[in-house]
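Enquirer:
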Amino acid sequence: MLVKLNIRQFLKQLNERYGTTILLTTHDMSDIEALCERVIMLDEGKIIYDGSLERLKERWGQGKRVAFTFAEAVTAAFLQQLTEGLDVVWKKGEQPNVWVSHVPSGGVPEVVSRVAARCALQDIRIHEVPTEEIIRNIYEEGAVHG
Numbered sequence: 000m001l002v003k004l005n006i007r008q009f010l011k012q013l014n015e016r017y018g019t020t021i022l023l024t025t026h027d028m029s030d031i032e033a034l035c036e037r038v039i040m041l042d043e044g045k046i047i048y049d050g051s052l053e054r055l056k057e058r059w060g061q062g063k064r065v066a067f068t069f070a071e072a073v074t075a076a077f078l079q080q081l082t083e084g085l086d087v088v089w090k091k092g093e094q095p096n097v098w099v100s101h102v103p104s105g106g107v108p109e110v111v112s113r114v115a116a117r118c119a120l121q122d123i124r125i126h127e128v129p130t131e132e133i134i135r136n137i138y139e140e141g142a143v144h145g
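With the first letter of the sequence shown counted as 1, position 136 gets the number 135 in numbering that gives the first Met the number 0; the numbers rise by one all the way through.
1) Do you know offhand how far Arg-64's Cα is from Gly-50's?
2) Which residues in the same chain have their Cβ closer than 6 Å to the Cβ of Gln-80, if we skip the five residues on either side of it in sequence?
3) Tell me which residue opens and which closes the beta strand (DSSP E) that Glu-139 is part of.
4) Applying the criterion that 16 or more other CB atoms from any shown protein chain within 10 Å of the CB defines a buried residue, is Phe-157 buried or exposed?
5) Using only the alpha-carbon positions, how far apart do Leu-34 and Phe-77 sit?
6) Determine whether the beta carbon atoms of Gln-121 and Ala-70 lie at a separation below 8 Å.
7) Please report the residue range of the beta strand (DSSP E) in which Asp-49 lies.
8) Quick one: what does DSSP say Leu-195 is sitting in, helix, strand or coil?
9) Quick check: what's the CA-CA separation for Met-28 versus Thr-19?
10) Give the secondary structure of Ile-21 by DSSP, where H, G and I count as helix, E and B as strand, and everything else as coil.
11) If you draw a straight line from the alpha carbon of Ile-14 to that of Arg-7, how long is it in whole angstroms?
12) Only counting the same chain, and skipping five residues up and downstream in sequence, which positions put a Cβ closer than 8 Å to that of Leu-52?
13) Please report the straight-line C-alpha distance between Asn-136 and Thr-74, rounded to a whole angstrom.
14) With respect to the alpha helix (DSSP H) encompassing Asp-27, which residues constitute its N-terminal and C-terminal limits?
Shown next, in the form of structure tokens:
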């Protein structure tokens, strides 16, 4: 891991010091986030995205992932009923009593408010949608052009 970090640091310094363009072919999202300002995505030899990483995140990474740890078990049906009328997708978390919701950015306060008003909670965590998931969704949904 230390070698990888040293290589990243070297490439970043090379780019900054000499203005060198570096062509990086990788599926490692942490490399992309650490080193790339511009992203070109290929699918079957065709360019499906060419633009900045920031724009890619803004355009297709809309929303937040809100993880709720409940004090007691709840069901998907209960959570769906609780957030009826909101654009929310619920998934069971990896830990007991954890449910994760994917919520449009502006909808987070309403989802948290509804859940907190009706449920005993141990924890709430709000995360950006990971770049890896954004890119996977782009490939699953088909070609896009930036």
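A virtual CB, placed ideally from N, CA and C, is assigned to each residue, including glycine. Note that the coordinates shown come from a computational prediction; the quantities given were computed from them, not determined experimentally.
Expert: Considering the structure as presented:
1) 24 Å
2) none
3) Unbroken run through Glu-139 is the alpha helix (DSSP H), 130-140; no beta strand (DSSP E).
4) With the chain covering only 0 through 145, there is no way to say anything about residue 157.
5) 43 Å
6) yes
7) 45-51
8) With the chain covering 0 to 145 only, the question about residue 195 has no answer from this structure.
9) 21 Å
10) coil
11) Inspection of the sequence shows that residue 14 is occupied by Asn rather than by Ile. Approximately 11 Å between the Cα atoms of the pair.
12) Ile-31, Glu-32, Cys-35, Glu-36, Arg-37, Val-38 and Thr-130
13) 26 Å
14) Taken as a continuous stretch (DSSP letters only), Asp-27 belongs to no alpha helix (DSSP H), as it is neither H nor E.
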